[in-house]
Every structure is written in structure tokens, then in C-alpha cells.
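Residue numbers (UniProt numbering): 1 to 146.
From the three backbone atoms N, C-alpha and C, an ideal C-beta is built for every residue, glycine too.
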């Protein structure tokens with residue numbers, strides 16, 4: 001019981017220091033890391049941090065069921081990027097997390113068009129874009145070589 005009181009005092013002092021004054025960020029990080037351990041010792045409950053550290057990249061800790069759950073958006077048209085659900089954009093569009101919507105991709109250079117998610121040169125009729133040489137090639141010239 002004595003150790004519980006000591007931990008409570010240490011925890012209270014840390015909270016007061018972190019909340020009442022401007023402290024370096026490394027002290028805040030230390031406080032964030034040890035706070036769950038101190039809380040679990042005081043309440044007698046199992047440490048929740050241990051379980052959350054075991055979740056895979058495609059999982060998230062569910063505190064209600066006390067287990068890792070696979071990430072899923074549950075909404076049609078949304079996909080998981082990292083640990084967040086984002087809208088799946090149509091071709092030629094890209095998700096903008098700042099504005100929380102799909103934005104049309106544009107090519108800043110004249111004569112270029114979007115192919116997939118890249119800007120490529122718009123070739124004239126009977127010409128094709130060569131991604132290796134990064135130039136338009138005459139299709140008639142290519143077929144004559146075969």
C-alpha cells in the first residue's frame with residue numbers, strides 16, 4: 001500500500017507540473033508514457049498499454065472489448081490509408097485530407113494530361129507516349145520496325 005501512495009504523489013506532482021507551466025516537450029512525452037502505468041497501479045486494473053502495443057498495423061485497440069480489431073471503414077467508397085478512413089477518389093482525382101474531399105488532378109505544363117495519377121505528354125494522333133524515353137513516338141515508325 002505504501003508504494004501506491006508514493007506513486008499517487010508522484011503522479012499528482014507530474015500532472016501539476018505538466019498542466020501548470022510550460023515544460024519541455026520531452027517531459028510531456030515522459031508523462032504521457034508513464035501515466036497509464038501509474039493509473040493502472042493505483043486502480044488495480046490491468047495495464048491497457050500492453051495490449052495496444054500488440055495491435056498490428058491494420059488493427060486498432062478496442063477498449064470496450066479489450067482486444068485488437070481489424071480496421072475497416074464500414075462505408076462504401078472509403079478505403080483505409082494508414083489508420084484513417086479516406087474517400088476513394090475516381091481516376092484523375094486525388095484525396096485531399098486538408099479539405100477532406102477529392103480534388104481534380106491537373107497538370108501545370110501545357111500539352112500534358114493525366115494518365116492514372118501521373119502527368120504525361122499528350123501526343124498527336126498516330127503517336128504514343130514512351131514512358132522510358134519520356135517522349136511521343138510515331139506509331140507508324142514503330143510498326144515499320146516490326
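Among the residues of its own chain, which have a CB less than 7 Å from the CB of residue i, if the five just before and after it don't count?
{"i": "residue 69", "result": "59, 60, 62"}
{"i": "residue 129", "result": "120, 121, 123, 136"}
{"i": "residue 115", "result": "none"}
Can you list, in chain order, the residues of its chain whose CB lies under 6 Å from that of residue i, leaving out five sequence neighbours each side?
{"i": "residue 106", "result": "none"}
{"i": "residue 93", "result": "102, 104"}
{"i": "residue 89", "result": "95, 102"}
Which whole-angstrom value describes the C-beta separation of residue i and residue j, a residue pair presumed to lie in contact below a C-beta threshold of 8 Å?
{"i": "residue 119", "j": "residue 136", "result": "The Cβ separation is near 14 Å, so there is no contact."}
{"i": "residue 78", "j": "residue 87", "result": "6 Å"}
Quick one: give me the first and last residue of the beta strand (DSSP E) that residue i is part of.
{"i": "residue 62", "result": "59-62"}
{"i": "residue 106", "result": "Note, residue 106: premise wrong, no beta strand (DSSP E); not H, not E."}
{"i": "residue 130", "result": "127-130"}
{"i": "residue 91", "result": "Premise fails: residue 91 is in no beta strand (DSSP E) and is neither H nor E."}
{"i": "residue 134", "result": "No beta strand (DSSP E) contains residue 134, which DSSP labels as neither H nor E."}
{"i": "residue 112", "result": "112-115"}
{"i": "residue 123", "result": "Premise fails: residue 123 is in no beta strand (DSSP E) and is neither H nor E."}
{"i": "residue 68", "result": "67-70"}
Please report how far the alpha carbon of residue i lies from the alpha carbon of residue j, in whole angstroms.
{"i": "residue 10", "j": "residue 66", "result": "28 Å"}
{"i": "residue 146", "j": "residue 139", "result": "Unreliable positioning characterises residue 146 in this predicted model, as indicated by a pLDDT of 48, which lies under 50. The coordinate reading is nonetheless provided below. For residue 146 and residue 139, the distance between alpha carbons rounds to 11 Å."}
{"i": "residue 6", "j": "residue 64", "result": "30 Å"}
{"i": "residue 134", "j": "residue 112", "result": "12 Å"}
{"i": "residue 72", "j": "residue 100", "result": "18 Å"}
{"i": "residue 132", "j": "residue 80", "result": "32 Å"}
{"i": "residue 84", "j": "residue 108", "result": "30 Å"}
{"i": "residue 57", "j": "residue 91", "result": "27 Å"}
Enumerate in chain order the residues of its own chain whose CB-to-CB distance from residue i is below 8 Å, with the five nearest sequence positions on each side excluded.
{"i": "residue 55", "result": "61, 68"}
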